[in-house]
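Numbering (this note's numbering), first residue to last: 2 to 336.
Please read the structure below before turning to the comments.
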Amino acid sequence: MTASPTTVFISGATGFIAQHIITQLLTKGYSVVGSVRSTEKGESLVKIFNNPKFTFEVVKVLEKEGAFDEALKKHSEVTVFLHSASPVTFNAEDNERDILIPAIEGTKYVLKSIKEHAPQITRVVYTSSVVATGTPQEISDPNFNGGETTWGSLTYDQSKENGFAAYFGSKTFAEKAAWNFVETEKPNFTLSTVNPVYVFGPQNYHNGEKELNASAQMVGNILKLKPDDALPQLTGTFIDVRDVAKAHILAFETEKAQGKRFVLSNSRFDAEELVEVITKNIPELKQKLPAAKSTGDRATGRSLLDDSNARSILAIDYISLEQSVTESIKQILGN
Ligand code: NAP
Numbered sequence: 002m003t004a005s006p007t008t009v010f011i012s013g014a015t016g017f018i019a020q021h022i023i024t025q026l027l028t029k030g031y032s033v034v035g036s037v038r039s040t041e042k043g044e045s046l047v048k049i050f051n052n053p054k055f056t057f058e059v060v061k062v063l064e065k066e067g068a069f070d071e072a073l074k075k076h077s078e079v080t081v082f083l084h085s086a087s088p089v090t091f092n093a094e095d096n097e098r099d100i101l102i103p104a105i106e107g108t109k110y111v112l113k114s115i116k117e118h119a120p121q122i123t124r125v126v127y128t129s130s131v132v133a134t135g136t137p138q139e140i141s142d143p144n145f146n147g148g149e150t151t152w153g154s155l156t157y158d159q160s161k162e163n164g165f166a167a168y169f170g171s172k173t174f175a176e177k178a179a180w181n182f183v184e185t186e187k188p189n190f191t192l193s194t195v196n197p198v199y200v201f202g203p204q205n206y207h208n209g210e211k212e213l214n215a216s217a218q219m220v221g222n223i224l225k226l227k228p229d230d231a232l233p234q235l236t237g238t239f240i241d242v243r244d245v246a247k248a249h250i251l252a253f254e255t256e257k258a259q260g261k262r263f264v265l266s267n268s269r270f271d272a273e274e275l276v277e278v279i280t281k282n283i284p285e286l287k288q289k290l291p292a293a294k295s296t297g298d299r300a301t302g303r304s305l306l307d308d309s310n311a312r313s314i315l316a317i318d319y320i321s322l323e324q325s326v327t328e329s330i331k332q333i334l335g336n
């Protein structure tokens with residue numbers, strides 16, 4: 002593979018997904034500038050990636066006008082920007098201040114900085130979410146068939162009501178703001194968005210001490226069950242983190258991907274399937290976990306979500322639930 006002269010800027014470089022994107026970019030020969038919230042975080046990433054093509058810039062606060070100006074002015078070699086930084090939590094002290102504002106205002110300001118200070122940037126990929134395509138009720142309904150052409154309909158006020166709604170609102174309003182910016186400001190860059198479902202899979206680098214991010218923790222939590230515990234009411238749709246990383250790269254590399262939303266959805270899962278997969282591949286856990294008794298009411302297999310752009314344009318051969326979950330659990334166990 003020939004080395005690429007392109008330099009990619011990625012916000013939120015410490016993130017679960019971002020670290021996999023950076024690893025894949027470096028493997029493909031790209032240079033990467035990652036933004037982090039502190040020098041310590043940046044230095045720890047430099048150690049992790051151990052590659053002179055990775056450097057970092059400290060941007061302390063997302064939701065401040067001009068926050069990215071200096072970093073962008075310093076890096077006139079950057080031609081691609083991946084905006085992945087956003088609060089990923091359902092528990093905040095103040096839903097508006099801690100979840101909605103950083104996501105929405107942060108997205109508007111970062112695009113404004115790019116337009117004003119980095120006119121050489123021609124591609125922007127925004128890490129959105131499937132939660133921008135429907136309401137909490139719709140997204141949790143296995144029969145929901147919206148996706149790449151639909152939007153969540155919570156109002157801003159409804160989004161403030163609880164942490165879950167705030168996360169849905171944060172991604173919906175931030176993604177809408179990004180599309181609106183492109184339409185009204187006519188910047189030099191094209192936009193595409195990656196809208197993943199629950200992201201599972203191993204951490205980029207194992208750090209036994211570090212808390213897992215919200216979605217990976219769902220798989221990790223299975224290990225906390227005792228043999229007599231009831232299986233949790235857990236169901237949803239999954240995609241592996243390495244496929245999400247691949248999608249970000251294809252989203253800027255592929256001409257046909259410009260101006261598109263990509264829902265990334267592999268298959269549905271429930272707690273029973275997670276236990277089944279884990280005990281099949283790591284038999285010593287069979288005695289430690291509850292038995293995966295069939296309830297007869299399973300909602301597994303391909304979801305009905307509309308992910309046609311992703312399937313036809315990005316056309317990634319997705320990593321299976323079995324591989325994703327097994328590798329995550331083995332990493333947690335230190336195997
Ligand atoms: P993560 O590991 O929690 O990463 C979030 C990143 O955003 C971190 O780098 C974090 O920095 C940064 N960040 C959070 N709040 C911030 C703030 N107020 N100001 C500046 N930076 C902030 O989560 P992730 O799963 O990788 O998520 C990355 C992106 O994917 C997010 O946009 C998320 O909405 C989207 N997404 C995730 C999933 C999923 O299931 N995980 C599904 C769909 C979409 P610190 O390390 O300094 O906290």
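Ideal Cβ placement from N, Cα and C applies to all residues, glycine included.
Predicted, not measured: the structure shown is a model, and the values here were computed from it.
- Nearest in C-alpha terms to Glu97, of all of Thr7, Thr136, Ala166, is Ala166.
- In this structure, Phe190 lies away from Ser325, with their beta-carbon atoms at least 8 Å apart.
- Restricted to the region 19-57, the alpha helix (DSSP H) segments that are unbroken, complete and at least 4 residues in length are 40-50, listed in chain order.
- Runs of the beta strand (DSSP E) spanning 3 or more residues and lying entirely within the region 208-256 occur at 236-241, in chain order.
- Excluding five sequence positions before and after Ile317, the CB atoms of its chain that fall closer than 7 Å to its own CB belong to Asp244, Lys247, Ala248, given in chain order.
- For His84, the enclosing beta strand (DSSP E) stretches over residues 79-84.
- In the DSSP assignment, Thr156 falls outside any beta strand (DSSP E) and carries neither an H nor an E.
- With 16 or more other Cβ atoms from the protein chains shown falling within 10 Å of its own Cβ, Ser193 counts as buried.
- With contacts defined by Cβ atoms closer than 8 Å, Val242 and Ile18 form a contacting pair.
- Residue pairing from DSSP places Phe10 in a beta bridge opposite Val34, Phe82.
- Shown here, Val126 sits in a strand according to DSSP, grouped into three states.
- Here Asp271 is buried, its C-beta having at least 16 other C-beta atoms within 10 Å.
- Take Gly148, set aside five residues on each side of it, and the residues of its chain with a beta-carbon closer than 6 Å to its own are Thr134, Val264, Leu306, Asp307, Asp308, in chain order.
- Straight across, the Cα-Cα distance linking Phe82 with Thr327 is about 32 Å.
- Ranked by Cα distance from Ile330, the first of Gln259, Ser304, Pro284 is Pro284.
- Remark: the C-beta of Ala248 is outside contact range of the ligand NAP, defined as less than 7 Å to any heavy atom.
- At the C-beta level, Gly237 and Arg269 come within 8 Å of one another.
- Annotation for Pro88 indicates a beta carbon within 7 Å of some heavy atom of the ligand NAP.
- Taking Ala119 as the centre and dropping the five residues before and after it, the same chain places the C-beta of Leu73, Val79 closer than 7 Å to its C-beta, in chain order.
- With fewer than 16 other beta carbons inside 10 angstroms of its own, Arg303 counts as exposed.
- Leu334 is classed as exposed because its beta carbon has fewer than 16 other beta carbons within 10 Å across all chains shown.
- For Tyr199, the enclosing beta strand (DSSP E) has its first and last residue at 199-201.
- In this structure, the C-beta of Lys172 approaches the ligand NAP to less than 7 Å from one of its heavy atoms.
- Within 10 angstroms of the beta-carbon of Tyr31 lie 16 or more other beta-carbons, which makes it buried.
- Cβ-Cβ separation between Ala215 and Thr108: approximately 20 Å, too far for a contact (criterion under 8 Å).
- Taking the CA atoms as reference points, Glu58 sits about 26 Å from Tyr168.
- Between the ligand NAP and Asn205, a heavy atom-to-CB distance of less than 7 Å is absent.
- Lys113 and Gln288 have their C-alpha atoms roughly 55 Å apart.
- Remark: the shortest separation between the CB of Ile18 and any heavy atom of the ligand NAP falls under 7 Å.
- Not one heavy atom of the ligand NAP lies closer than 7 Å to the C-beta of Thr185.
- Asn196 carries a strand assignment under DSSP once its states are collapsed to helix, strand and coil.
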